[in-house]
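Q:
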Amino acid sequence: MTETTQSATENYDMACEHGEFHTDVSVIRLGGQPGQMPNRYLAEVRVRCAQCDKPFRFRGLPMGLGLDGAAVSGDGQEVRLAIAPVDEVIEPCDVRGFTVKGPDDEC
Ligand SMILES: [Zn+2]
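In this text, residue positions in the sequence shown follow the numbering used here: the first is 319, and each later residue adds one.
1. Just the C-alpha distance for Val-363 and Met-332, rounded to the nearest angstrom, thanks.
2. Out of Ala-400, Asp-422 and Glu-338, which has the shortest C-alpha to C-alpha gap to Pro-356?
3. Any heavy atom of ligand 1 closer than 6 Å to the beta-carbon of Gln-395?
4. At a cut-off of 6 Å, would you count His-336 as near ligand 1, judging by its Cβ distance to the nearest heavy atom?
5. Under the three-state reduction of DSSP, which class applies to Phe-374: helix, strand or coil?
6. Do Val-397 and Phe-374 have their C-beta atoms within less than 7 Å of each other?
7. Which residue's Cα is closest to the Cα of Asp-371: Thr-417, Val-418, Glu-335 and Gly-420?
8. Considering only DSSP beta bridges, list what Ser-391 is partnered with.
9. Cβ of Gln-354 less than 7 Å from any chain C Cβ?
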C-alpha cells in the first residue's frame with residue numbers, strides 16, 4: 319500500500335471543524351501454512367477529516383501490535399484490532415505481539 323501522509327507541520331485548514339470523516343480499513347491475515355486458514359486476523363483502521371484531510375490519532379492504547387487486543391502504530395494514526403470470525407474458537411497462537419512502554423508508564 320502506498321499512501322502519502324502529511325506531517326504535523328503541514329498546513330491544514332486550522333478553521334476546519336472536522337465534521338466529516340474518511341476511514342480506511344484493511345484486514346490482515348497472519349500465520350497459517352499455504353492453503354490453510356490463518357491463525358489470526360487484524361483490522362487496521364485509519365481516520366482522517368474528509369474536509370481538511372487532517373489525520374486523527376487514536377488515544378489510550380499501547381503502541382505496538384497485539385494479537386489478542388488493540389494497539390496503535392508509532393505515530394498513533396493507525397489502530398490495529400485483533401478480530402476473528404464470529405463462530406471461531408480462539409486458540410493460543412505461537413506468535414506473540416509486543417507493546418512499547420514509555421519511561422513514565424506503570425508496569
Ligand atoms: Zn478537518
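Ideal placement from N, C-alpha and C gives every residue a C-beta, glycine not left out.
A: According to the structure shown:
1. Position 45 of the sequence shown, counting from 1, holds the residue named residue 363. Position 14 of the sequence shown, counting from 1, holds the residue named residue 332. If you take the alpha carbons of Val-363 and Met-332, they lie about 24 Å apart.
2. Here residue 356 is taken as the residue at index 38 of the sequence shown, counted from 1. Looking at the Cα atoms, Ala-400 is the closest of the given residues.
3. As a first step, residue 395 must be located in the sequence shown, where it is residue number 77. Every heavy atom of ligand 1 is 6 Å or more from the Cβ of Gln-395, so no.
4. In the sequence shown, the residue the question calls residue 336 occupies position 18. Checking the Cβ of His-336 against ligand 1 gives yes.
5. Mapped onto the sequence shown, residue 374 falls at position 56. Phe-374: coil per DSSP, three-state reduction.
6. For this step, residue 397 is matched to residue 79 along the sequence shown. For this step, residue 374 is matched to residue 56 along the sequence shown. Taking 7 Å as the Cβ cut-off, Val-397 and Phe-374 do not qualify as a contacting pair.
7. Residue 371 sits at position 53 when you count from the first residue of the sequence shown. Just measuring C-alpha positions, the residue of Thr-417, Val-418, Glu-335 and Gly-420 sitting nearest Asp-371 is Glu-335.
8. Here the question's residue 391 lines up with position 73 in the sequence shown. Listed as beta-bridge partners of Ser-391 by DSSP are no residues whatsoever.
9. As a matter of chain content, chain C is missing from the structure shown, which is built from one protein chain.
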